[in-house]
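The structure under discussion appears below in the form of C-alpha cells.
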Amino acid sequence: MAVDTLSAENLYVADAQGRFGGEFGGRFVPETIIPALDELTEAYAKAKADPAFQEEFAYYCKDYVGRPTPLFFAEKMTRELGGAQIYLKREDLAHTGAHKINNALGQILLAKRMNKPRIIAETGAGQHGVATATACALFGYECEVYMGEEDVERQKLNVIRMNLLGAKVIPVSSGTRTLKDALNEAMRDWVTNVRNTHYIIGTVAGPHPYPTMVRDFQSIIGIESRQQIQEETGGLPDVVVACIGGGSNAMGIFYPFVHDAGVRLIGVEAAGHGLHTEHHAATLTAGSKGVLHGSASYVLQDTHGQVRSTHSISAGLDYPGVGPEHAHFKEQGRAEYVSVTDEEALDAFQWVAKSEGIIPALESSHAFAHVRKLAPTLPKEQKLIVCLSGRGDKDVDQVARRLGLL
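Residue numbers (our numbering): 12 to 417.
Now the structure itself:
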C-alpha cells in the first residue's frame with residue numbers, strides 16, 4: 012500500500028509487508044528467518060481472528076495477570092502541580108510488576124499453537140525477561156534470556172527472579188553490553204535455531220509482524236484506560252503521556268486513542284546526560300531514519316550510518332532504536348516526542364514515591380518528569396493520563412547508590 016493511498020481510516024494500519032506509511036517497519040533480516048516470520052504472521056492472523064484464542068488470552072489477563080489494572084486519580088500530585096487532573100494507569104500492579112507480561116502471555120499462547128518447544132528473549136531492565144520467564148514457567152517451556160552484562164549488573168534483582176522462575180540468563184559482553192547487544196545475540200540464536208524456537212521480542216520493534224503483534228497485545232492498556240476514564244469522568248482524556256525506549260507501553264496506551272484527534276499523545280525519551288552530549292537514548296528526538304534489528308525506523312547513528320552507543324539511567328530505555336509505528340506517528344504529527352535527563356528522572360522517581368506512596372520504575376519516572384513540567388501549564392479541567400508502566404523495586408539499589416544512601 013503506497014503512502015498516497017492511505018485513507019484517514021487506515022492511516023495507522025501497517026500494509027501487507029508490515030510498513031507503516033509505506034516507509035517504516037518491514038523486514039530487513041537474513042533469508043533464513045523469513046519462513047519463520049511468514050509462519051508467525053500466518054499463525055498470528057489466524058489467532059487474532061479466532062474467538063477461542065482471544066478468550067484464552069482474556070482469561071489469563073484477568074485471572075493470572077490481574078487485569079484490569081486500576082486507573083488511579085493522583086489527587087495529591089494534582090493539587091501540588093495545580094494544573095490538569097492527573098490519572099495513573101497502574102501497570103505496576105500487573106503480575107510481575109510491569110506491562111511486559113501482557114505481550115509475553117500473548118506470545119507464549121502463539122508459541123503453543125505453533126508447536127515451538129523452546130523460547131528465547133532479550134531484556135534490558137529485566138522486566139520483559141521476568142515476564143517471559145514467568146509465562147514459560149506457567150506453560151512448562153524451556154527459556155533462555157539474553158541480557159547485556161551492564162544490565163545484568165544494574166538489574167541484579169530481576170536476574171535472580173528469572174533464575175528462580177527457571178530461566179537461563181545469558182550475559183552478553185559485546186558492544187556496550189546493553190539492550191542493543193542482547194537483541195543482536197538473540198537474533199543470532201534465532202537464526203541458528205529457528206526450526207524449534209520462538210523468539211519473544213519484548214517491544215514494538217523488530218521485523219514484521221512483531222511491531223503490529225506486540226502493539227495489539229499491549230493495546231489492552233489503552234482499551235482499559237479509555238473505558239475507565241469515561242466511566243470516571245464522562246469523557247476522554249486531553250493528554251496521554253508514556254515513556255519510550257522501544258515503545259511498547261507507549262504504543263499500548265496510545266493506540267486506542269489514535270483516531271481521537273482531541274487527545275494529545277506524548278512520548279518521553281531518555282535524554283541521559285543531555286542531548287548536547289552523545290550520552291543519551293533519545294532516538295525520535297535526536298535520531299535519523301535508518302534500519303536496526305530488522306525494521307526501518309528512527310535510529311541513533313553516526314554520519315557513516317553506524318549505530319551509536321547510548322546511555323540512560325534506565326536500562327529499559329537504553330536503546331538506540333524505536334518501534335517503527337512511533338516513527339510513523341512522529342512523521343504524521345500524531346504524537347509528540349520529548350525527552351528528559353537522568354537527573355530529572357531521578358528527581359521524579361523520588362517525587363512520585365513521596366507524593367503518592369508509589370515507587371515507579373526509572374522508565375516510568377521519565378514520563379512523570381515531563382508531567383511535572385506539563386501539568387501546571389494545562390487548565391484545571393483538563394485530564395491527563397500517565398502510564399505507570401512498571402514498579403521501581405528493581406531500581407531501588409541503583410537509585411540508593413546514586414543518591415549516596417548505600
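For every residue, glycine included, the Cβ atom is placed at its ideal position computed from N, Cα and C. Keep in mind that this is a model prediction, so the values were computed, not measured.
Residue i versus the options, residue with shortest Cα-Cα distance
{"i": "residue 102", "options": "397, 25, 417, 407", "result": "397"}
{"i": "residue 140", "options": "361, 120, 110", "result": "110"}
{"i": "residue 350", "options": "394, 292, 331", "result": "292"}
{"i": "residue 151", "options": "29, 177, 160", "result": "177"}
{"i": "residue 40", "options": "195, 94, 67", "result": "195"}
{"i": "residue 403", "options": "53, 166, 51, 37", "result": "166"}
{"i": "residue 179", "options": "160, 164, 156, 169", "result": "156"}
{"i": "residue 224", "options": "240, 118, 338", "result": "118"}
{"i": "residue 135", "options": "82, 324, 42, 277", "result": "324"}
{"i": "residue 96", "options": "316, 240, 49, 263", "result": "240"}
{"i": "residue 85", "options": "289, 98, 65", "result": "98"}
{"i": "residue 116", "options": "359, 146, 355", "result": "146"}
{"i": "residue 129", "options": "148, 153, 121", "result": "153"}
{"i": "residue 263", "options": "228, 305, 88, 243", "result": "228"}
{"i": "residue 400", "options": "30, 63, 242, 258", "result": "258"}
{"i": "residue 405", "options": "297, 282, 169, 318", "result": "169"}
{"i": "residue 290", "options": "340, 260, 321", "result": "321"}
{"i": "residue 78", "options": "44, 416, 236, 226", "result": "236"}
{"i": "residue 182", "options": "373, 29, 159", "result": "159"}
{"i": "residue 207", "options": "374, 375, 42, 50", "result": "50"}
Buried versus exposed, by CB contacts within 10 Å (16 or more), residue i
{"i": "residue 219", "result": "buried"}
{"i": "residue 27", "result": "exposed"}
{"i": "residue 213", "result": "buried"}
{"i": "residue 287", "result": "exposed"}
{"i": "residue 162", "result": "buried"}
{"i": "residue 21", "result": "exposed"}
{"i": "residue 70", "result": "exposed"}
{"i": "residue 409", "result": "buried"}
{"i": "residue 24", "result": "exposed"}
{"i": "residue 268", "result": "buried"}
{"i": "residue 211", "result": "buried"}
{"i": "residue 46", "result": "exposed"}
{"i": "residue 52", "result": "buried"}
{"i": "residue 107", "result": "buried"}
{"i": "residue 4", "result": "What is shown of the chain runs 12 to 417, which leaves residue 4 out entirely."}
{"i": "residue 32", "result": "buried"}
{"i": "residue 317", "result": "exposed"}
{"i": "residue 13", "result": "With a pLDDT of only 37 at residue 13, under the threshold of 50, the placement of this residue in the model should not be trusted; the figure read from the coordinates follows. Classification for residue 13: exposed."}
Cβ distance (whole Å) where residue i is taken to contact residue j below 8 Å
{"i": "residue 197", "j": "residue 132", "result": "7 Å"}
{"i": "residue 113", "j": "residue 76", "result": "7 Å"}
{"i": "residue 192", "j": "residue 284", "result": "With a Cβ gap of about 20 Å, residue 192 and residue 284 do not count as contacting."}
{"i": "residue 273", "j": "residue 295", "result": "Residue 273 to residue 295, Cβ: 22 Å. No contact."}
{"i": "residue 100", "j": "residue 80", "result": "7 Å"}
{"i": "residue 387", "j": "residue 37", "result": "With 8 Å as the limit, residue 387 and residue 37 do not qualify as a contact, their Cβ atoms being about 41 Å apart."}
{"i": "residue 331", "j": "residue 307", "result": "Their Cβ separation, rounded to whole angstroms, is 14 Å, which puts residue 331 and residue 307 out of contact at 8 Å."}
{"i": "residue 348", "j": "residue 245", "result": "With a Cβ gap of about 30 Å, residue 348 and residue 245 do not count as contacting."}
{"i": "residue 56", "j": "residue 121", "result": "So it is not a contact: roughly 11 Å between Cβ atoms."}
{"i": "residue 328", "j": "residue 261", "result": "Wrong, their Cβ atoms sit about 11 Å apart, outside the cutoff."}
{"i": "residue 276", "j": "residue 345", "result": "7 Å"}
Assigned secondary structure, residue i (DSSP; H/G/I helix, E/B strand, else coil)
{"i": "residue 150", "result": "helix"}
{"i": "residue 379", "result": "helix"}
{"i": "residue 318", "result": "strand"}
{"i": "residue 347", "result": "strand"}
{"i": "residue 25", "result": "coil"}
{"i": "residue 299", "result": "strand"}
{"i": "residue 265", "result": "helix"}
{"i": "residue 364", "result": "helix"}
{"i": "residue 284", "result": "coil"}
{"i": "residue 270", "result": "coil"}
{"i": "residue 76", "result": "helix"}
{"i": "residue 290", "result": "coil"}
{"i": "residue 30", "result": "strand"}
{"i": "residue 17", "result": "Note on residue 17: pLDDT 48, under 50, position unreliable in the model; the coordinate value appears next. Three-state DSSP puts residue 17 in coil, outside helix and strand."}
{"i": "residue 39", "result": "coil"}
{"i": "residue 12", "result": "The pLDDT assigned to residue 12 is 35, lower than 50, so where the model puts this residue is not dependable, and the model offers no usable value."}
{"i": "residue 172", "result": "helix"}
{"i": "residue 252", "result": "strand"}
{"i": "residue 400", "result": "coil"}
{"i": "residue 416", "result": "coil"}
{"i": "residue 165", "result": "helix"}
{"i": "residue 222", "result": "helix"}
{"i": "residue 110", "result": "coil"}
{"i": "residue 185", "result": "coil"}
{"i": "residue 259", "result": "helix"}
CB contact check: residue i to chain D, cutoff 8 Å
{"i": "residue 112", "result": "Among the chains in the structure shown there is no chain D, since it carries only a single protein chain."}
Distance cut-off 7 Å: residue i Cβ against heavy atoms of the ligand HEM
{"i": "residue 278", "result": "Inclusion of the ligand HEM in the displayed structure is not the case, the ligand content being empty and no account of it being possible."}
If you pair each beta-carbon of the stretch 298-306 with each one of the stretch 364-383, do three or more pairs fall below 8 Å? These segments do not touch.
Do three or more CB pairs link the stretch 245-260 to the stretch 155-173 at distances below 8 Å? no
Pair every Cβ in the stretch 180-189 with every Cβ in the stretch 122-129, then say whether three or more of these pairs are closer than 8 Å. no
Does the stretch 199-213 come close enough to the stretch 232-249 to have 3 or more Cβ pairs within less than 8 Å? no
Evaluate contact between the stretch 311-318 and the stretch 380-389, counting only Cβ atoms and requiring at least three cross-stretch pairs below 8 Å. Of all C-beta pairs linking the stretch 311-318 to the stretch 380-389, fewer than three are shorter than 8 Å, placing the two stretches out of contact.
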